[in-house]
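Quick notes on the structure that follows.
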Amino acid sequence: MGLTVGLPGGKRGSLAHAWVAAAVGAGLALSAACGGGGGSGSGSDHLSVGVLLPGGGASRFGQFDRPLIEQRLKQLCPHCPAPIVAATPDADVQQQQLTALITRGVDVLILAAIDPESLRSSVEAAHRAGIPVVAYDRLAQGPVSGYVTFDGATVGRLQGEALLKAMGPKAHGGQIVMMNGAANDPNAGWFKRGALSVLDGKVRIGKSYDTAGWRPENAYTNMAGAIAALGAGRIDGVLAANDSLAGAVISAFDASAVRPVPPVTGQDADLVAVQRIVAGRQYMTVYKSYRAEADAAAEMAVALGRGEPAGSVATGTVDSVTTKKIPSVLLPSYSVTVGTIKDTLVKDGIYTIDQICTPKLRSACDRAGLT
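In my numbering, the protein residues as written are 814 to 1184.
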């Protein structure tokens, strides 16, 4: 699936699935009851906002996006009820969550879609119900009213450029593996195209995988297969689309006793990935300001909920496979290597030195100039 940008200037077992769905429905009902809020047509100080995320807890969406979205919504509409937030890694459960929020009658939705294609019918249902949908981080199919994300072409270019730099002389004619994201995620294709714009003609791509569901276990299996097919000593670098996939790639190298591990890229600046970078196990990650993304999404959602156009917040437009000229905000990203951790992640308050530099990493942090 592709994106056109214009700038101005795996299912669970049936019983487990049914239990999760029932729990999700109960959770939404409880959250709605506690948060109050009205349905469509409520006053501007009583906007009911639904937020659907693809993961909670230790994921970036649980650690960063959710609290930042909630914080900005509270600032923009201090008398509005608390947003109704639901998170799951399961696409079928997310579809049920979205249906529950439509039935609840929220005024506007912020949706980070797990499976953009499968949620199309639900986005269409929200549109028929008069509920605007702000696509967050990932572009859902259907009549979304706005979109907030990071420029995926830039993300891919940063990864490709960093990989070539790390490969040194092998950047000309060396062999790499591409561990891309899920084929049904438009962002994954965006990242891949950005990377290929840098890598094409310079390195040989021995294997390229689309990682089903962005699941690390699938990346591990794919990487193990690549090592077996290409040879443990004949892989000069790996373009891994995010930090979870990077961790799986490195584990596969470890299982095959590959030393040293060749350069591996990442994305999202997960704490464990930053620690791998300090330890010399992962070469780089891509840092994206979640606060900027959360702020823009909250501002767009409140504007739409109050009947204002998304264009009042947007800085450009994006085309999906179903919808043209979606008002959008495309944010910048930044490459992070061991030498730039302090000036990016620490400076922006994402992590403290103490969080990064565990006792086991103290000597590596000293060498990196972090302590």
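Positions of the beta carbon are idealized from the N, C-alpha and C atoms, including for glycine. Quantities reported herein were computed from a predicted structural model and do not represent experimental measurements.
Whether residue i touches residue j by CB criterion (8 Å)
{"i": "P1075", "j": "G1050", "result": "yes"}
{"i": "Y1164", "j": "V1087", "result": "yes"}
{"i": "A1065", "j": "A1037", "result": "yes"}
{"i": "P1040", "j": "G1019", "result": "Strictly speaking, residue 1040 in this sequence is Ile, with Pro absent from that position. Against a cut-off of 8 Å, the Cβ pair of G1019 and I1040 comes out as no contact."}
{"i": "S1069", "j": "A1045", "result": "yes"}
{"i": "L924", "j": "V946", "result": "yes"}
{"i": "Y1100", "j": "L1158", "result": "yes"}
{"i": "G959", "j": "I1139", "result": "yes"}
{"i": "A966", "j": "R1006", "result": "yes"}
{"i": "A1025", "j": "L1058", "result": "no"}
{"i": "V1062", "j": "M992", "result": "yes"}
{"i": "R879", "j": "V898", "result": "yes"}
{"i": "L1117", "j": "A1123", "result": "yes"}
Residues sharing a beta bridge with residue i, DSSP
{"i": "I897", "result": "G863"}
{"i": "R1169", "result": "The amino acid at residue 1169 is misidentified as Arg; the sequence shows Ile. Bridge partners of I1169: none, in fact."}
{"i": "M1036", "result": "According to DSSP, which records beta bridges pairwise, M1036 is partnered with nothing at all."}
{"i": "K1020", "result": "V990"}
{"i": "V1099", "result": "S1148"}
{"i": "S872", "result": "According to DSSP, which records beta bridges pairwise, S872 is partnered with nothing at all."}
{"i": "S1141", "result": "Y960, G1129"}
{"i": "Y1164", "result": "Beta-bridge pairing links Y1164 to no other residue."}
Between the CA atoms of residue j and residue i - distance to the nearest angstrom
{"i": "A1109", "j": "V1126", "result": "7 Å"}
{"i": "E1106", "j": "T962", "result": "6 Å"}
{"i": "V938", "j": "I915", "result": "Sequence inspection shows Ala at residue 938; the Val mentioned does not correspond to that position. Distance between the alpha carbons of A938 and I915: 8 Å."}
{"i": "A904", "j": "P867", "result": "8 Å"}
{"i": "S934", "j": "V921", "result": "17 Å"}
{"i": "E974", "j": "I1166", "result": "27 Å"}
{"i": "K1160", "j": "W1003", "result": "28 Å"}
{"i": "A995", "j": "V1016", "result": "23 Å"}
{"i": "T1171", "j": "P1145", "result": "30 Å"}
{"i": "P894", "j": "T1034", "result": "45 Å"}
{"i": "Q1080", "j": "D998", "result": "15 Å"}
{"i": "Q910", "j": "L932", "result": "11 Å"}
{"i": "L881", "j": "F874", "result": "10 Å"}
{"i": "L1174", "j": "A979", "result": "22 Å"}
{"i": "G987", "j": "S1176", "result": "32 Å"}
{"i": "T1135", "j": "G869", "result": "29 Å"}
{"i": "W1027", "j": "S861", "result": "31 Å"}
{"i": "L1009", "j": "L1143", "result": "20 Å"}
{"i": "A1082", "j": "G918", "result": "36 Å"}
{"i": "I1169", "j": "H940", "result": "44 Å"}
{"i": "L1043", "j": "T1098", "result": "25 Å"}
{"i": "G955", "j": "P902", "result": "21 Å"}
{"i": "P891", "j": "D858", "result": "8 Å"}
{"i": "W832", "j": "A984", "result": "With a pLDDT of 29 at W832, under the threshold of 50, the predicted position of this residue should be treated as unreliable, though the coordinate-derived value follows. Straight-line Cα distance between these residues: approximately 50 Å."}
{"i": "I1048", "j": "R1089", "result": "19 Å"}
{"i": "A913", "j": "G969", "result": "36 Å"}
{"i": "N1000", "j": "C1178", "result": "33 Å"}
{"i": "R1119", "j": "Q1095", "result": "45 Å"}
{"i": "G981", "j": "V1149", "result": "18 Å"}
{"i": "E1121", "j": "Q876", "result": "30 Å"}
{"i": "P929", "j": "I944", "result": "18 Å"}
Where the beta strand (DSSP E) containing residue i begins and where it ends
{"i": "T1136", "result": "No beta strand (DSSP E) holds T1136; DSSP gives it neither H nor E."}
{"i": "F963", "result": "959-963"}
{"i": "L924", "result": "921-924"}
{"i": "A1053", "result": "1050-1053"}
{"i": "V946", "result": "946-949"}
Start and end residues, alpha helix (DSSP H) containing residue i
{"i": "A904", "result": "904-917"}
{"i": "V936", "result": "933-941"}
{"i": "V1159", "result": "Taken as a continuous stretch (DSSP letters only), V1159 belongs to no alpha helix (DSSP H), as it is neither H nor E."}
{"i": "L1012", "result": "999-1012"}
{"i": "R1175", "result": "1175-1181"}
{"i": "E883", "result": "879-889"}
CB contact check: residue i to chain B, cutoff 8 Å
{"i": "A1037", "result": "This model lacks chain B altogether, as it is built from one protein chain only."}
request  = Ignoring anything shorter than 3 residues or poking outside the segment 1057-1107, list the beta strand (DSSP E) runs there in chain order.
outcome  = 1098-1101
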